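Residue numbers (the working numbering), protein chains in the order written: chain A, 51 to 341; chain B, 57 to 329.
Cβ coordinates follow ideal geometry from the N, Cα and C atoms, glycine included.
Source: prediction; values computed, not measured.
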Amino acid sequence: MTLGWIGEALASAPVEHALIAGTEIAFLSGLVGAFVMLRGQSFAGHVLTDVGTTGGAGAYLVGMNGWFGFLSFGVLASVGMELAGGRTRGERDLATGVVLSLALGFGALFLYLDAQLAHANASMAVLFGSLFTLDPALVPWISLTAAACVVAMLLIWRPLALASVNPDLARVRGVPVRAISIAFMVVLAVAVETDALVAGSLLATALIVGPAATAARFTTSPLRAGLVGGLLGALLVAASVLLSYDSYTWLPQHTSWPVSFFVAAFTFFAYAIAAATHRVAFQRRAEVELP
Amino acid sequence: MNPAISFRDLTVSYGSRTVFAHLTGEIRAGQFVGVLGPNGAGKSTLLKAIAGLVRPVAGAVEIDGKPVRRRNKAIGYVPQSVQLDEDVPLTGRDLVGLGLDGHRLGFPLPTKERREAIDAALAQVNALHLADRRIGRLSGGERQRLLIAQAVVSKPRVLLLDEPLNNLDLASTHQVVELVKRLAHEGQMAVLLVAHDVNPLIGRADEILYLANGRMAKGALDDVLRPEVLSGLYGYPVEVLRAGGRIIVAAGAMDGHAHAVSSASPEASVMLP
């Protein structure tokens, strides 16, 4: 087997754009994923993609770029969820659930109307990703957004960690806990909604949860888990983009397999390998008596 | 010398509901005070008011003679517990480090001083062996000790613990209370520990601050946990039962007769509005 196809793939502009945008957002997602684990917020990630789907589908309907639809709905939803967070957990989950149903209802309507009125590929792009059909003008904006979010995450890393594990101590020390939680939710929304371009809204959270969870099997500090998870995610996406490009020749009918399939498969295997090789001992040492 | 904590005429309300009113008291450095009272009496709210997290509608709190303020390194705060999944990448050392400089932006430089400060705090709670273990894989007592290390690593003058004994087994409960007592006495910290059961505090806490019905009684355990004192607080008859060195506070007279609600005992300072 020759690897000449990789050079050929790299020479193609859509592949280049897909690689740039995909790896950058995957890196951010891994970084964010470490905090999603620390804060136990993977449910929020799912909600954000679901709401983003509605925005993405709606954007195609009015002829806007899908990314803006995903992004605007996701960011609005993230701030809304965080502002509703002052109440008890049960109330908040109920409120989120009700709003989510409404959003999904509109999502269903928009996807249906997309298929009927706008172009037929729109719903496929929303659900399964549209990395190869990215508007080239969008690529610098995605890079800029991802870079800004990475810088923001690294900047608020420590106060966010303290606010996540001990919010009262964080408040005593002067950390603006509410503002920092909202900032994190907005970054999470940006990561998830841009992942939807890579892996589709159905699999967007795979890039948030998967690489970070894999990295967490063999790293113990949140920063290392975030950085390793980010690099792992970027690697997975790059491999997925190249394989998706090559898959055009795999079947006699000549059709590319979706990037999202490879992302999901790689994410799963990376986690399985890490889990198998870093099986964690569950022994508990006895409590040490105090003098 | 100023008391480490003093509050005067402290009144806190949520909306139209007054949690407590006109509380006045002092806690000296090195004093370990257990905060008791029924659910909803405002035990946690009192802690938050002292920490400056809840703004009182009247009265004032002073830490070391100065009005309490935000960005405070003089106060350590220990929550009920920290819930993390087993795989979450956060070690004991990470957790304690956040108590030292978690309020700063960016990343900590791995300096010798930082490492030594964290090690010292871990040693204070006998948790050096937990430094590199994940929080999610530790027992409740081990986690609670790490949270205490997180609170004391900045060498605070005041240590506030909000129901740290919840969800702990009996052995861990006694360990944590012994540890808190030792920290208060050796480290000359003023300590307030909120608990729902008085028994782990018997013979360990220097004083009891009992909150009920918006009022408080403060003094030595045997002076506060008396039927006439608690009945005065609650506003209805309360029995204090002692059996086998344990204490149970029960509502209502046990002999079928309503007990007269006496005035406060002279030994304990009961605040009646």
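Review point. When DSSP labels each residue in this structure, what does residue 150 of chain B get in the three-state scheme?
Key: helix
Check your understanding: Whose CA, out of A:326, A:93, A:287 and A:132, lies closest to the CA of residue 228 of chain A?
Key -> A:132
Check your understanding: Excluding sequence positions up to five away, which residues of its chain have a Cβ less than 6 Å from the Cβ of residue 324 of chain B?
Key -> Unreliable positioning characterises residue 324 of chain B in this predicted model, as indicated by a pLDDT of 48, which lies under 50. The coordinate reading is nonetheless provided below. Within the same chain, residue 324 of chain B has close Cβ partners 273, 275, 279, 280 and 285.
Check your understanding: By the 10 Å Cβ neighbour count, where 16 or more other Cβ atoms means buried, how is residue 126 of chain B classified, buried or exposed?
Key -> exposed
Review point. What are the complete alpha helix (DSSP H) segments, minimum 4 residues, inside the segment 99-185 of chain A?
Key: 116-133, 139-166 and 171-178
Point to revise | Any chain B beta carbon closer than 7 Å to residue 272 of chain A | key: yes
Point to revise | Check whether residue 214 of chain B and residue 246 of chain B have beta carbons under 7 Å apart | key: yes
Point to revise | Span separating the alpha-carbon of residue 60 of chain A from that of residue 66 of chain A | key: 6 Å
Check your understanding: Among all the DSSP beta bridges, which residues are the ones paired with residue 123 of chain B?
Key -> B:118
Review point. Beta-carbon separation of residue 254 of chain B and residue 99 of chain B under 7 Å?
Key: no
Review point. Is it buried or exposed for residue 306 of chain B, if we count other Cβ within 10 angstroms and need 16 for buried?
Key: exposed
Check your understanding: Anyone know if the C-beta pair for residue 95 of chain A and residue 258 of chain A falls short of 7 Å?
Key -> yes
Point to revise | Boundaries of the alpha helix (DSSP H) in which residue 99 of chain B is found, first to last residue | key: 99-107
Check your understanding: Okay, do the segment 254-272 of chain B and the segment 77-95 of chain B touch, 3+ Cβ pairs below 8 Å being the bar?
Key -> yes
**Study point:** Cutoff 7 Å: residue 131 of chain A Cβ touching any chain B Cβ
**Key:** no
Point to revise | Straight-line Cα distance separating residue 176 of chain A from residue 247 of chain A | key: 7 Å
Check your understanding: Does the Cβ of residue 323 of chain A have 16 or more other Cβ atoms within 10 Å, making it buried, or fewer, making it exposed?
Key -> exposed
Review point. Are the C-beta atoms of residue 95 of chain A and some chain B residue less than 7 Å apart?
Key: no
Review point. Taking the DSSP output, what are the residues bridged to residue 66 of chain B?
Key: B:79
Exercise for review: Note the first and the last residue of the continuous beta strand (DSSP E) segment covering residue 129 of chain B.
Suggested key: Neither: residue 129 of chain B is in no beta strand (DSSP E) and is coded neither H nor E.
Check your understanding: Between which two residues does the alpha helix (DSSP H) carrying residue 295 of chain B extend?
Key -> It is not in any alpha helix (DSSP H) - residue 295 of chain B instead sits in the beta strand (DSSP E) that spans 294-299.
**Study point:** Alpha carbon of residue 43 of chain B to alpha carbon of residue 206 of chain A, nearest angstrom
**Key:** A query on residue 43 of chain B cannot be resolved here, the shown segment of chain B reaching from 57 to 329 and no further.
Check your understanding: Using a Cβ-Cβ cut-off of 6 Å (strictly less than) and excluding sequence neighbours within five positions of residue 125 of chain A, which residues of its own chain qualify?
Key -> 236 and 239
Practice item. Put residue 225 of chain A into one of helix, strand or coil per three-state DSSP. Key: coil
Review point. Which ranges would you report for the beta strand (DSSP E) in the segment 176-264 of chain B if only whole runs of at least 3 residues count?
Key: 214-217 and 246-250
Check your understanding: Does the beta-carbon distance from residue 77 of chain A to residue 284 of chain A come in below 7 Å?
Key -> yes
Check your understanding: Can you list, in chain order, the residues of the segment 191-211 of chain A whose Cβ is nearer than 8 Å to any Cβ on chain B?
Key -> 204, 205, 206, 207, 208, 209 and 211
Review point. Which of the three DSSP states, helix, strand or coil, is assigned to residue 242 of chain A?
Key: helix
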